Amino acid sequence: MKLYKDKYFLWLSLAAALVSFVFYYITKAPTVSFWDCGEFIATSYIMGIPHPPGNPLFVIIGRFFSMLPLAADIAVRVNLISVISSAASVFVAFWLILRLAIGNRENPPDRAARIGLGIGAFAGSLIMGFSNTFWSNAVEAEVYGLAMLLMLIVTYLALIWSQNTEKPGNDRWLLLISYLLWISLGIHLTTFIITIPLMLYLAYIDYVKNGLERWPIWIVMLLFVLYAVPLQTQILSIIGINIRAYELESFFIIMGLLFSASLVMFFITRSRGQESVRIWGLTLAIFAFGVLGYSNQVYIPLRASEKPAINENDPSDWSRFKAFLERKQYGQESMITRMFHRRATWENQFISHPDFGLFHLLTKQFASPDAKLTLFSKKPEGDSSGVDFSLNLWIIFVVILGISGIMEAVKRAPPEGTFIVFTMLLCTVGLVFYLNFSDGTKAIAPLAEVRARDYFYTPGFMFYAILIGIGIASFLELLGEYSSRVFGGKRSWQKALFPLGLVVAILLPVHTGFANFTNNDRAGNYLPWDY
0 MKLYKDKYFL WLSLAAALVS FVFYYITKAP TVSFWDCGEF IATSYIMGIP
50 HPPGNPLFVI IGRFFSMLPL AADIAVRVNL ISVISSAASV FVAFWLILRL
100 AIGNRENPPD RAARIGLGIG AFAGSLIMGF SNTFWSNAVE AEVYGLAMLL
150 MLIVTYLALI WSQNTEKPGN DRWLLLISYL LWISLGIHLT TFIITIPLML
200 YLAYIDYVKN GLERWPIWIV MLLFVLYAVP LQTQILSIIG INIRAYELES
250 FFIIMGLLFS ASLVMFFITR SRGQESVRIW GLTLAIFAFG VLGYSNQVYI
300 PLRASEKPAI NENDPSDWSR FKAFLERKQY GQESMITRMF HRRATWENQF
350 ISHPDFGLFH LLTKQFASPD AKLTLFSKKP EGDSSGVDFS LNLWIIFVVI
400 LGISGIMEAV KRAPPEGTFI VFTMLLCTVG LVFYLNFSDG TKAIAPLAEV
450 RARDYFYTPG FMFYAILIGI GIASFLELLG EYSSRVFGGK RSWQKALFPL
500 GLVVAILLPV HTGFANFTNN DRAGNYLPWD Y
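For what it's worth, numbering that gives the first Met the number 0 labels the leading residue of the sequence shown as 0, then goes sequentially.
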């Protein structure tokens with residue numbers, strides 16, 4: 000189903016992107032912001048080297064934006080990267096929600112269902128765009144706007160590939176996925192967390208369509224990913240397979256061996272028929288596009304050798320570059336080993352801690368930052384007007400919408416829905432175990448985290464918002480189908496049921512936007528500059 004040819008869906012997606020862009024633009028920081036933003040702005044302007052692992056692609060893009068006459072302040076020009084990329088993420092999220100809500104049906108939806116699906120995708124994409132952490136990253140010079148955009152594009156391309164496997168030339172999407180996945184490491188390592196669920200999903204779809212005929216593609220890619228992702232290599236080392244996860248020399252050796260083996264097999268199988276040649280040729284091409292994407296890391300030693308004013312760790316020779324990519328300055332303790340020694344209470348890590356408690360941070364995404372976790376929260380001191388529980392009921396409503404979205408996604412498109420849900424869980428619950436934040440109550444980690452860590456969960460909150468959108472779109476579609484059957488009835492409430500549902504759906508992102516506006520409005524905030 001070629002959704003992009005439907006002008007109704009196209010205009011709604013553009014409207015969602017435009018609305019989010021306007022709000023990001025009017026709330027963007029007017030100059031430098033605290034934490035990493037100043038470093039990214041400065042290194043972009045002079046093409047320097049920021050802290051490991053360097054973010055080379057972001058620096059290059061930042062340099063390009065710093066030369067555009069978009070604003071008088073250089074910082075604002077670099078801030079606009081986040082504004083534009085985050086609005087583009089809302090655009091892609093619309094189509095992702097729509098495609099997942101429509102599912103694997105053969106026939107197009109009827110008029111009422113089509114309206115409901117479009118409004119649901121519009122509401123869901125804006126709920127994501129107005130969520131607290133996503134919005135806060137969209138108004139300053141941070142890497143997460145671009146990182147989330149690339150992650151969403153890769154996810155959407157995977158769905159496009161899976162739903163068109165019978166068409167000739169469809170495998171070109173695999174080349175683009177490989178390229179974008181590896182080039183995204185030049186933005187932020189967060190994007191690579193999607194690799195494992197993505198690989199499992201693509202391999203499963205290919206197995207369903209082609210059996211084991213194309214096994215070389217997935218074996219080589221699996222070895223590539225297992226060695227490239229530190230998490231997997233550390234797991235293998237724990238069970239006794241010592242493959243030196245952080246040794247850059249062995250990384251290049253293994254990659255060279257994999258490429259050479261694929262090249263040899265390509266020539267060996269040339270005599271076995273066109274299909275074998277095509278399979279091994281595709282394997283080589285996927286590998287090559289990944290290497291091409293990763294090549295943006297070459298910027299680091301090349302630029303470091305020119306001794307820019309900001310040249311952290313001076314990675315100008317091989318040993319320094321190696322230590323830079325391996326992030327040696329952050330310590331040698333394995334994150335996997337550390338994971339088995341909890342640095343905070345389970346309650347703080349999963350529920351209640353204000354800086355990193357998963358559920359606590361989740362409740363702050365779609366409601367006011369002042370909302371409480373309990374059902375009945377007290378009014379602010381001095382307010383005698385009773386008990387305020389509206390925001391807390393909203394939180395419960397958001398949880399219900401998310402759960403319904405999970406159920407509908409898996410029901411309507413089982414492989415695709417499972418892929419999205421697994422990714423969301425990996426980026427939330429999985430990261431709680433892996434990151435193992437400290438609350439200062441354990442002897443093993445007596446110091447608490449220095450600031451809020453919600454940004455680590457940005458991908459998880461993003462995919463959860465997408466699932467909320469699927470829940471809304473699915474509900475509106477069902478409501479539209481029901482209303483279309485009763486519109487001919489005499490009861491006025493039946494006629495008003497579907498329009499009322501549409502209005503409520505549109506009001507959901509409005510509520511989220513109003514709840515998070517003040518918290519993320521950086522307009523007129525010159526405190527970092529004055530400081």
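The beta carbon of each residue, even a glycine, is placed where N, CA and C say it ideally should be.
Since the structure is predicted, the reported quantities are computational estimates derived from the model, not experimental observations.
(Q) Helix, strand or coil for ASN295? Go by DSSP, reduced to three states. (A) Residue numbering aside, residue 295 sits at position 296 when the sequence shown is read from its first letter. ASN295: helix per DSSP, three-state reduction.
**Q.** Same chain, Cβ closer than 6 Å to ASN103, five either side skipped, listed in chain order
**A.** Residue mapping note: residue 103 aligns to position 104 of the sequence shown, counting from 1. ALA412.
Q: Give me the Cα-Cα distance between LYS321 and ASN312, rounded to the nearest whole angstrom.
A: What you label residue 321 is simply residue 322 of the sequence shown in a count that begins at 1. What you label residue 312 is simply residue 313 of the sequence shown in a count that begins at 1. Between the C-alpha atoms of LYS321 and ASN312 there is a straight-line separation of about 11 Å.
**Q.** Beta-carbon contacts of SER130 that lie in its chain and below 8 Å, excluding the five residues immediately before and after
**A.** Taking the first residue of the sequence shown as position 1, residue 130 is located at position 131. Cβ contact annotation for SER130 (same chain, cutoff 8 Å, sequence separation greater than five): GLN364, PHE365, PHE460, MET461, ALA464, THR511 and ASN515, in chain order.
Q | 8 Å Cβ cutoff met for THR189 and ASN519 | A | Walking along the sequence shown from the start, residue 189 turns up at place 190. Walking along the sequence shown from the start, residue 519 turns up at place 520. No, the pair does not count as a contact, with Cβ atoms beyond the cut-off.
Q: Just the C-alpha distance for TRP181 and GLY289, rounded to the nearest angstrom, thanks.
A: Counting from 1 along the sequence shown, the entry for residue 181 is found at position 182. Counting from 1 along the sequence shown, the entry for residue 289 is found at position 290. Their backbone Cα atoms lie some 5 Å apart in a straight line.
Q) Taking the alpha carbon of ASN136 as the point to measure from, which residue in VAL420, ASN347, ARG98 and ILE83 has its own alpha carbon closest? A) By one-based count along the sequence shown, residue 136 stands at place 137. Per the Cα distances, ILE83.
Q: Measure the C-alpha to C-alpha separation of ILE193 and GLY416 and round it to an integer number of angstroms.
A: As a position in the sequence shown, residue 193 is number 194, starting the count at 1. As a position in the sequence shown, residue 416 is number 417, starting the count at 1. Put simply, the backbone Cα of ILE193 is about 14 Å away from that of GLY416.
Q.
What does DSSP give as the partner residue(s) for ILE48 in the beta ladder?
A. Taking the sequence shown and counting its residues from 1, the one referred to as residue 48 is at position 49. BP columns for ILE48 point to ASN310.
Q.
Please report the distance separating the alpha-carbon of PRO533 from that of GLU476.
A. As shown, the chain starts at 0 and ends at 530. That puts residue 533 outside it, with no answer to give.
Q. Would GLU139 pass as a contact of ARG521 if the rule is Cβ separation under 8 Å?
A. For the purposes of this step, residue 139 is identified with residue 140 of the sequence shown, where counting begins at 1. For the purposes of this step, residue 521 is identified with residue 522 of the sequence shown, where counting begins at 1. Taking the C-beta atoms as reference points, ARG521 is found nearer than 8 Å to GLU139.
Q. Comparing alpha-carbon positions, which option in ALA74, LEU11, ALA14 and PHE22 lies nearest PRO527?
A. Start at 1 with the first residue of the sequence shown, and residue 527 comes out as number 528. Considering only alpha carbons, the answer is ALA74.
Q. Would you report the Cα separation of ALA112 and ILE218, rounded to the nearest angstrom?
A. Indexing the sequence shown from 1 puts residue 112 at position 113. Indexing the sequence shown from 1 puts residue 218 at position 219. For ALA112 and ILE218, the distance between alpha carbons rounds to 42 Å.
Q: Consult DSSP for VAL89 and reduce its assignment to one of helix, strand or coil.
A: By one-based count along the sequence shown, residue 89 stands at place 90. DSSP places VAL89 in helix when its eight states are reduced to three.
Q. Which same chain residues, not among the five before or five after ARG213, have their C-beta less than 7 Å away from its C-beta?
A. Here residue 213 refers to the residue found at position 214 of the sequence shown. These residues qualify, in order along the chain: ASP205 and ILE278.
**Q.** Residue from TYR143, THR517 and GLY404 with nearest C-alpha to GLY468
**A.** Taking the sequence shown and counting its residues from 1, one reaches residue 468 at position 469. If we check each option's Cα against that of GLY468, GLY404 comes out closest.
Q.
Threshold first: 4 residues or longer. Then list the alpha helix (DSSP H) segments lying entirely within the region 61 to 109, N to C.
A. Within the region 61 to 109, the complete alpha helix (DSSP H) segments at least 4 residues long are 73 to 101, listed from N- to C-terminus.
Q: Evaluate the contact criterion for the region 283 to 303 versus the region 13 to 21: three or more CB pairs, one atom per stretch, below 8 Å.
A: The region 283 to 303 is not in contact with the region 13 to 21.
Q.
For VAL77, count the other beta carbons within 10 Å of its own beta carbon; 16 or more makes it buried, fewer makes it exposed. Which is it?
A. Residue 77 sits at position 78 when you count from the first residue of the sequence shown. Looking at its Cβ environment, which holds 16 or more other Cβ atoms inside 10 Å, VAL77 is buried.
**Q.** Closest residue to ALA504 among GLY470, PHE513, ASN524 and GLY523 (Cα-Cα distance)
**A.** Sequence index remark: in the sequence shown, residue 504 carries index 505 (1-based). Closest option to ALA504, Cα to Cα, is GLY470.
(Q) Less than 6 Å between C-beta atoms, sequence neighbours within five positions excluded: which residues of the same chain meet that for TRP134? (A) Translated into the one-based positions of the sequence shown, residue 134 becomes position 135. ASN515 and ASN519, listed in sequence order.
**Q.** Residue environment, HIS340, which counts as buried when at least 16 other CB atoms sit within 10 Å
**A.** Taking the sequence shown and counting its residues from 1, one reaches residue 340 at position 341. That one is exposed.
Q: Note down, one range per segment and in chain order, each alpha helix (DSSP H) of at least 4 residues found wholly within the region 153 to 203.
A: Correct list: 171 to 182.
Q: Return the CA-CA distance between TYR553 and SER183, expressed in angstroms with no decimal places.
A: The chain is shown only over 0 to 530; residue 553 falls outside these bounds and no answer can be derived.
Q) If you count every other CB in all the chains shown that lies within 10 Å of the CB of TRP94, and 16 or more means buried, which is it? A) Sequence index remark: in the sequence shown, residue 94 carries index 95 (1-based). By the neighbour-count definition (other C-beta atoms within 10 Å, threshold 16), TRP94 is a buried residue.
(Q) Among the candidates ASP72, LEU201, SER473 and ILE309, whose CA atom is the shortest distance from the CA of THR30? (A) Numbered from its first residue, the sequence shown carries residue 30 at position 31. In terms of CA proximity to THR30, ASP72 leads the group ASP72, LEU201, SER473 and ILE309.
Q.
So, for PHE22: in the same chain, excluding its five sequence neighbours on each side, which residues have a beta-carbon less than 6 Å away from its beta-carbon?
A. Position 23 of the sequence shown holds residue 22. None.
**Q.** Neighbourhood of TYR24 by C-beta, 6 Å cutoff - its chain only, sequence neighbours within 5 removed
**A.** One-based indexing of the sequence shown puts residue 24 at position 25. The answer, listed in chain order, is VAL82.
Q: Note down the Cα distance separating TYR525 from MET46, rounded to an integer number of angstroms.
A: In the sequence shown, counting from the first residue as 1, residue 525 sits at position 526. In the sequence shown, counting from the first residue as 1, residue 46 sits at position 47. Looking at the two C-alpha atoms, the distance is approximately 25 Å.
Q: Please confirm whether GLY61 and PHE39 have their CB atoms less than 8 Å apart.
A: Taking the sequence shown and counting its residues from 1, one reaches residue 61 at position 62. Taking the sequence shown and counting its residues from 1, one reaches residue 39 at position 40. Yes, these two residues count as a Cβ contact at 8 Å.
Q. When DSSP labels each residue in this structure, what does PRO539 get in the three-state scheme?
A. What is shown of the chain runs 0 to 530, which leaves residue 539 out entirely.
(Q) Between the alpha carbons of ASP354 and LEU360, how many angstroms are there, rounded? (A) As a first step, residue 354 must be located in the sequence shown, where it is residue number 355. As a first step, residue 360 must be located in the sequence shown, where it is residue number 361. A straight-line Cα-Cα distance of about 8 Å links ASP354 and LEU360.
Q. Of all the options VAL58, LEU79 and ASP5, which has the alpha carbon lying nearest to the alpha carbon of GLN296?
A. Taking the sequence shown and counting its residues from 1, the one referred to as residue 296 is at position 297. Measuring from the Cα of GLN296, the nearest candidate turns out to be VAL58.
Q: Determine the direct distance from the alpha carbon of LEU56 to that of LEU466, and round the result to whole angstroms.
A: Reading the sequence shown from its first residue, position 467 is the one you call residue 466. Reading the sequence shown from its first residue, position 57 is the one you call residue 56. Cα to Cα, the separation comes out at about 30 Å.
(Q) How far does the alpha helix (DSSP H) with TRP528 in it extend, from its first residue to its last? (A) Mapped onto the sequence shown, residue 528 falls at position 529. 526 to 529 is the extent of the alpha helix (DSSP H) around TRP528.
Q: Find the nearest neighbour of SER304 within the set SER294, TYR293 and ASP316, judged by alpha-carbon distance.
A: Within the sequence shown, numbered from 1, the residue matching residue 304 stands at position 305. The closest CA to that of SER304, considering only SER294, TYR293 and ASP316, is found on ASP316.
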